[in-house]
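Contents: one structure, followed by commentary.
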Amino acid sequence: MGQKVKLREICHARSGDKGADINIGIAVYDPEHYSWLEENVTAEVVADYLEEYLKGVPNASVTRYDLPKLGAFNFLVRGGLHGGVTRSLILDGHGKSFSQIILDLEIEAPQ
16 MGQKVKLREI CHARSGDKGA DINIGIAVYD PEHYSWLEEN VTAEVVADYL
66 EEYLKGVPNA SVTRYDLPKL GAFNFLVRGG LHGGVTRSLI LDGHGKSFSQ
116 IILDLEIEAP Q
C-alpha cells in the first residue's frame, strides 16, 4: 500500500443543496491529476465515504458526472439532506459543509 493523500491536497470543492439532494463539485489544481482522480474517486468510493451521513435515507445514492474539460467532477448525493432545508432537522440543511467533508477523503497518492 502506497502513500495516502487527502483530496484537499490536489483539489478544491464546492457544495450545496438541490432540494433534498446534495451537489458536490471537486476540481483538480493540476490537470495531470484528472485521470488519476477519475480512476480513484468513483461514485462508489464517495458513497462509502459518506455512508455515515446517509444512514436512514431510503434509496440514497451517489452519481458522478465527469467534466473533463473543466478538470472536475460533480457528485449528486440523492437524499443526502434528509428532506431538504425546510423539512430536515440536520445542522447543515444547505449542504455547504459537504465540500469540506469530501476534501478530507484519503486515497492513494498519485505517482
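With the working numbering applied, the sequence shown has no gaps in its numbers, which climb one by one up to 126 at the end. Note that CB positions come from ideal geometry on N, CA and C, so glycine has one too.
| Item | Value |
| --- | --- |
| Where the beta strand (DSSP E) containing Asp32 begins and where it ends | Cys26 to Lys33 |
| Local Cβ density within 10 Å of Leu32, reported as buried at 16 or more and exposed below that | It is worth fixing the name first, because residue 32 is Asp in this sequence and not Leu. With 16 or more other Cβ atoms within 10 Å, it is buried. |
| 8 Å CB neighbourhood of Leu69 in its chain, flanking five on each side removed | Ala62, Ala75, Val92, Gly94 and Gly95 |
| For Gly71 and Ile41, the rounded distance between their alpha carbons | 26 Å |
| Proximity winner among Ile122, Ala28 and Val60, relative to Gly86 (alpha-carbon distances) | Ala28 |
| Phe113 and Ile37 closer than 7 Å at C-beta | yes |
| Backbone CA spacing between Ile117 and Lys21 [nearest angstrom] | 9 Å |
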